[in-house]
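Following: one structure in C-alpha cells, then a few remarks.
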Amino acid sequence: MRGMILALRRYARASAVFATLLIVGAVAAPLYFRSNAAPAAHAVDNSIDNSGLSLYQLTSTWTTDDNRAVKLPDLRGHCQILALIFTHCSGTCPLTVKELEVFAASLHARLKDQTRFVLVTIDPADSSDDLRRYRETMKLNDHWMLLRGSTDSVRELAATLGFSYQPQGDQFAHSNLITVLDAQGVIVHQQPGVGGNRRDLLSAVERAVAQPRVKS
Amino acid sequence: MPARSGQQRSKWHCNRLLLVLLAGLLMQPLSSTALHGAASASNEKHPALESNDRLSIPSGSYHPFFKRTDGVLTIPVAAFDLDAAPVTKSQYLEFVRQHLGWRKSHVKALVAERNYLSDWSGDLDPGENLQAPVTYVSWFAARAYCSEHGRLPSVAEWERVAGATQTAPYSQDATDAAKPFQFAMGKLAADVRAMPLQFGAIWEWTEDFNSIPAMNSNESARPDSPLFCGDGFRSNDAADYAAFLRHSLRSSLRASYTLKNLGFRCAG
Numbered sequence: 496m497r498g499m500i501l502a503l504r505r506y507a508r509a510s511a512v513f514a515t516l517l518i519v520g521a522v523a524a525p526l527y528f529r530s531n532a533a534p535a536a537h538a539v540d541n542s543i544d545n546s547g548l549s550l551y552q553l554t555s556t557w558t559t560d561d562n563r564a565v566k567l568p569d570l571r572g573h574c575q576i577l578a579l580i581f582t583h584c585s586g587t588c589p590l591t592v593k594e595l596e597v598f599a600a601s602l603h604a605r606l607k608d609q610t611r612f613v614l615v616t617i618d619p620a621d622s623s624d625d626l627r628r629y630r631e632t633m634k635l636n637d638h639w640m641l642l643r644g645s646t647d648s649v650r651e652l653a654a655t656l657g658f659s660y661q662p663q664g665d666q667f668a669h670s671n672l673i674t675v676l677d678a679q680g681v682i683v684h685q686q687p688g689v690g691g692n693r694r695d696l697l698s699a700v701e702r703a704v705a706q707p708r709v710k711s
Numbered sequence: 232m233p234a235r236s237g238q239q240r241s242k243w244h245c246n247r248l249l250l251v252l253l254a255g256l257l258m259q260p261l262s263s264t265a266l267h268g269a270a271s272a273s274n275e276k277h278p279a280l281e282s283n284d285r286l287s288i289p290s291g292s293y294h295p296f297f298k299r300t301d302g303v304l305t306i307p308v309a310a311f312d313l314d315a316a317p318v319t320k321s322q323y324l325e326f327v328r329q330h331l332g333w334r335k336s337h338v339k340a341l342v343a344e345r346n347y348l349s350d351w352s353g354d355l356d357p358g359e360n361l362q363a364p365v366t367y368v369s370w371f372a373a374r375a376y377c378s379e380h381g382r383l384p385s386v387a388e389w390e391r392v393a394g395a396t397q398t399a400p401y402s403q404d405a406t407d408a409a410k411p412f413q414f415a416m417g418k419l420a421a422d423v424r425a426m427p428l429q430f431g432a433i434w435e436w437t438e439d440f441n442s443i444p445a446m447n448s449n450e451s452a453r454p455d456s457p458l459f460c461g462d463g464f465r466s467n468d469a470a471d472y473a474a475f476l477r478h479s480l481r482s483s484l485r486a487s488y489t490l491k492n493l494g495f496r497c498a499g
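For the protein sequence lines, the chains are X and W, in the order given.
Numbering-wise (our numbering), the first sequence opens with residue 496 and increments by one.
Numbering-wise (our numbering), the second sequence opens with residue 232 and increments by one.
Given below as C-alpha cells:
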C-alpha cells in the first residue's frame, strides 16, 4: 500500500514536471519558431533571401541580346535555369542548350509558366548581335534570356557557381554545368551539363517553384 | 572492365592525394615562427621593405605544368606590378573598418563561408601579430580588397613570379611537420630572385583560380566530383610536385572558401 502511494506520488511529481515542460514548451515553441520563421516570411515580402546565399546579391550589370541592361536581381520571381556558354562553341555547349530545350518542352504548363532559362556567354568577344543570332539558330523563345558581361562579371559569376573556364585558342576549356535557382536566386541544384539527369532537373524545378513566389 | 577498374583506381588515388593535401592544409598550424622566419630572413637582406611595397615585374612567361588541349606550353606574361608581400591583418583591418559588409558579423554566406576571419576575436579585433598575412579570407573578400588597390594577380602572373620548379629534394621540407607544404607556396623565378619578394608562408588566391576545368567528357553523376579530380591532365614536368600541389589546391577551392593558411596579395 505504502509502496503504491509512493509510486503514485512519484508519478504525480513526474507528471507535474511533464506538464510544466509541456506548458513551457507550448509557450516557448511558437516564440522559438516565430523567431526562425518570421524573417523568412519577411524576406519573401522584401524580395530578399534569408540565407545570405542568393546570387542576386551580385551587383554586376549584364546586357541582353536585344541590348537591354539587366542586373541579376531582375531575374527574381521565377525559377531560373542557368548555363554558361559561348556562341561559337563547337563542343558541349550546343548539346547542353539542346538538352535544356528538350527539358523545357517536357515541362507541364504550371512549371513551364514559372521557369525561365538564362544563357550567359563566357566569351568577351560575343556581342549582342552574336547572342541574337544564337537565339535564332537555336530557336530559343522568350522564356530564354541571353546575357553577356564584362570579363570581371563573368569571372565572378563563374566562380560563384563553381564553373571553371580558360581560353584555349579560339575556344574555351570549360566546365559543363547546369544550375537551378529558386525565385530568390538561391542555388537549389547543380548538375553536369552533358548527359545530365533530366529527372533530377525536374525535381529541382519542382522544389524551386514550391518556394513562395515573390511578387515583382 | 579492367579499363574501368583502372580508371576508378586512378580516381581513388587522385582523391586520396587530395584528401591528404586538404587534411594537411586544414591541420597545419599557421606557424608564426615560420612567418617570422621568412620575414626576418627577408628583412635582413632588405631592411627597408614594407609589406605594401609594390614591385615592377618585368614581362616573362609561365610554363603550366600540365599540357593544355591546344598544345600550348608557354604562356607569355606582360609586365605588371605585384605587392612584395601578402596583405597583412593590419591592412585588412583598415579595409573592414571602411566596409561594414566585410566585417565578420555582417558578411553574407554567398561570399564567405562561416570560417571567415575565424582567428579574429571581433569585427575589428584581429588579435595578435598584426603584421602576419591575413588568412581565413574568401576569394570574394580578396577581390574586394584588391579592387581598391589594383586587382588580384592571375594564375599566370603568380606562377611566372613564384612558380619556379623546385630543384632541391622535397624530403627536406616534407619531413618537417610544421610546414609540410611550404615548398609549394612559392619559389621565385630566376630573373626576379634578387627582388625583395616574400613568398612561402601561405597559399594565395588568384583572380582566375577557377580556370582549369577537369577535362573529363564522361562526367559522373556527382557534380562536384570533376571539381576534385581532373583525370585528363598530362604533365609537362612530372617532377614539379609543388606546381601539382598548387594546381590541386586551386581546383578544389570554391570562391567562398576560407582556409587557415590561404591569403592573398594584390597586383596592379
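The beta carbon of each residue, even a glycine, is placed where N, CA and C say it ideally should be.
Identity of the residue in the options nearest residue i by Cα
i: residue 693 of chain X; options: X:593, X:551 and X:633; result: X:593
i: residue 583 of chain X; options: X:628, X:685, X:638 and X:678; result: X:628
i: residue 665 of chain X; options: X:605, X:599 and X:619; result: X:619
i: residue 392 of chain W; options: W:381, W:369 and W:418; result: W:418
i: residue 354 of chain W; options: W:328, W:339, W:375 and W:368; result: W:328
i: residue 486 of chain W; options: X:679, X:668 and X:654; result: X:654
i: residue 416 of chain W; options: W:435, W:423 and W:427; result: W:435
i: residue 545 of chain X; options: X:678, X:615 and X:607; result: X:678
i: residue 396 of chain W; options: W:421, W:380, W:375 and W:412; result: W:421
i: residue 484 of chain W; options: W:330, W:412, W:413 and W:370; result: W:370
i: residue 615 of chain X; options: X:634, X:601 and X:674; result: X:674
i: residue 379 of chain W; options: W:323, W:425 and W:358; result: W:323
i: residue 659 of chain X; options: W:357, W:494, W:444 and W:311; result: W:444
Beta-carbon gap between residue i and residue j smaller than 8 Å
i: residue 548 of chain X; j: residue 681 of chain X; result: yes
i: residue 574 of chain X; j: residue 609 of chain X; result: yes
i: residue 687 of chain X; j: residue 697 of chain X; result: no
i: residue 438 of chain W; j: residue 383 of chain W; result: yes
i: residue 373 of chain W; j: residue 320 of chain W; result: no
i: residue 350 of chain W; j: residue 496 of chain W; result: no
i: residue 433 of chain W; j: residue 366 of chain W; result: yes
i: residue 559 of chain X; j: residue 640 of chain X; result: yes
i: residue 684 of chain X; j: residue 668 of chain X; result: no
i: residue 429 of chain W; j: residue 498 of chain W; result: no
i: residue 564 of chain X; j: residue 554 of chain X; result: no
i: residue 388 of chain W; j: residue 308 of chain W; result: yes
i: residue 591 of chain X; j: residue 580 of chain X; result: yes
One or two residues paired with residue i in a DSSP bridge
i: residue 557 of chain X; result: X:565
i: residue 610 of chain X; result: X:574
i: residue 311 of chain W; result: W:288
i: residue 580 of chain X; result: X:616
i: residue 364 of chain W; result: W:319
i: residue 434 of chain W; result: W:493
i: residue 443 of chain W; result: Paired residue(s): none; residue 443 of chain W is not in a bridge.
Three-state class that DSSP yields for residue i in the structure shown
i: residue 496 of chain W; result: coil
i: residue 658 of chain X; result: coil
i: residue 382 of chain W; result: strand
i: residue 615 of chain X; result: strand
i: residue 487 of chain W; result: coil
i: residue 680 of chain X; result: coil
i: residue 296 of chain W; result: coil
i: residue 394 of chain W; result: strand
i: residue 453 of chain W; result: Here residue 453 of chain W scores only 41 on pLDDT, less than 50, and its place in the model is too uncertain to base an answer on.
i: residue 429 of chain W; result: coil
Continuous beta strand (DSSP E) stretch holding residue i: start and end
i: residue 674 of chain X; result: 672-676
i: residue 293 of chain W; result: 291-293
i: residue 640 of chain X; result: 639-643
i: residue 668 of chain X; result: 666-669
i: residue 357 of chain W; result: Taken as a continuous stretch (DSSP letters only), residue 357 of chain W belongs to no beta strand (DSSP E), as it is neither H nor E.
Element boundaries [alpha helix (DSSP H), containing residue i]
i: residue 630 of chain X; result: 623-633
i: residue 597 of chain X; result: 588-601
i: residue 700 of chain X; result: 693-705
i: residue 478 of chain W; result: 472-483
Per-residue contacts from residue i into chain B (C-beta, under 7 Å)
i: residue 355 of chain W; result: Among the chains of the structure shown, chain B does not appear; the protein chains present are X and W.
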